[in-house]
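> Residue numbers (the numbering used here): 1236 to 1442.
We put the CB at the ideal spot given by N, CA and C, even for glycine.
Computed from a predicted model, the values in this text were never measured in an experiment.
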Ligand code: T5A
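#1: Taking the beta carbon of residue 1410 as the centre, do at least 16 other beta carbons fall within 10 Å, making it buried, or is it exposed?
#2: For residue 1402, which of 1393, 1383, 1372 has the nearest alpha-carbon?
#3: Looking at the secondary structure, which residues open and close the alpha helix (DSSP H) in which residue 1284 lies?
#4: Taking 6 Å as the limit between beta carbons, can you name the residues of its chain near residue 1312, skipping five residues before and five after?
#5: With residue 1244 as the anchor, note down where its beta strand (DSSP E) starts and where it stops.
#6: By Cβ distance below 6 Å, which residues in the same chain neighbour residue 1377 in space, the five residues on each side in sequence not counted?
#7: Taking the straight line between their C-alpha atoms, what separation do you get for residue 1374 and residue 1405?
#8: Using only the alpha-carbon positions, how far apart do residue 1344 and residue 1412 sit?
#9: Are the beta-carbon atoms belonging to residue 1454 and residue 1288 less than 9 Å from one another?
#10: Cβ-heavy atom distance between residue 1324 and the ligand T5A below 8 Å?
#11: For residue 1255 versus residue 1364, is the C-beta distance shorter than 9 Å?
#12: Less than 9 Å separating the beta-carbons of residue 1368 and residue 1321?
#13: Please tell me whether, using a cut-off of 8 Å, the distance from the CB of residue 1305 to the nearest non-hydrogen atom of the ligand T5A is below it.
#14: With a 10 Å radius around its C-beta and 16 neighbouring C-beta atoms as the bar for buried, classify residue 1268 as buried or exposed.
#15: Please report the Cβ distance between residue 1331 and residue 1273, rounded to the nearest whole angstrom; I am assuming they are in contact, meaning their Cβ atoms lie under 8 Å.
#16: Expressed to the nearest angstrom, what Euclidean distance is found between the alpha-carbon atoms of residue 1348 and residue 1366?
#17: Relative to the alpha-carbon of residue 1293, which residue among 1389, 1418, 1270, 1252 has its alpha-carbon at the smallest distance?
#18: Can you tell me whether residue 1417 is buried or exposed, with buried defined as 16 or more other CB within 10 angstroms of its CB?
#19: For residue 1243, is the classification buried or exposed, using 16 other Cβ atoms within 10 angstroms of its Cβ as the cut-off for buried?
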């Protein structure tokens, strides 16, 4: 595969969607073809899985069900969108990927990291992101931003402690492989966050 695979991560309301457009424009201005996509979702079937997994249900969604739905969505997304785009040589920018599974289902729900790693290998083979940007934010600030935008989905209704674990998860993942991750302080102004982002992208392209 000849393209570049960039994933964007962080807690709720951290500013991923806001900044992904800037990242796309940054690459396009340098002549790259960009495929922008998201998880869970990215294909019609995967978007249906997204609707299912984020919706409220009359029964409790078992953590393993949630985990398997994330990977079911990912498997289809890889086959239909991500792998073909990388084979064309595109820069693929994906709003959340498997780090979200480690952070939310692993750290958040307490699912075993080794079980997640088994599914990761099964679904992705050796494919891993070339760069992962983590927008780091105090969950209280992130939830205020997300809440101001409208109604909350099933996962967004979790307790504060859940989002604290998610944040810890992202920071531990980033510390474990600093060559792949760039952590951005997402509590700053939109302009400063974008500046940090473009610096991170420049560093990535220059190395
Ligand atoms: N999930 C996903 C899992 O549990 N496991 C998995 O494997 C995967 C892939 C997906 C949900 O699924 C879970 C995680 C999620 O709970 P989502 O829609 O992708 O949902 O994720 P969300 O975090 O819910 O996305 P949000 O849209 O809430 O957050 P963003 O994209 O980080 O934030 P954004 O850009 O929409 O900004 C939120 C608000 O803040 C403002 C924006 O204008 C907007 O109003 N804002 C700022 N305000 C002040 N200063 C700044 N610097 C700002 N930046 C943005």
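Quick answer:
#1: Label assigned to residue 1410: exposed.
#2: For residue 1402, the closest alpha carbon among the candidates 1393, 1383, 1372 is that of 1372.
#3: First-last of the alpha helix (DSSP H) with residue 1284: 1279 to 1289.
#4: Closer than 6 Å at Cβ, skipping near neighbours: 1277, 1278, 1281.
#5: Per DSSP, residue 1244 belongs to the beta strand (DSSP E) from 1239 to 1245.
#6: These residues qualify, in order along the chain: 1246, 1247, 1248, 1249.
#7: Their Cα atoms are separated by approximately 12 Å.
#8: When rounded, the distance between both Cα atoms is 23 Å.
#9: Given that the chain is displayed from residue 1236 to residue 1442, the structure contains no residue 1454 and the question cannot be resolved.
#10: No, the beta carbon of residue 1324 sits no closer than 8 Å to any heavy atom of the ligand T5A.
#11: Not in contact: residue 1255 and residue 1364 (Cβ atoms no closer than 9 Å).
#12: No.
#13: Indeed, a heavy atom of the ligand T5A lies less than 8 Å from the Cβ.
#14: It counts as exposed.
#15: Contact annotation, residue 1331 with residue 1273: C-beta distance approximately 6 Å; criterion of less than 8 Å satisfied.
#16: Cα-Cα distance, rounded: 21 Å.
#17: Minimum Cα distance to residue 1293 is reached at 1389.
#18: That one is buried.
#19: The residue is buried, with at least 16 neighbouring Cβ atoms inside 10 Å.
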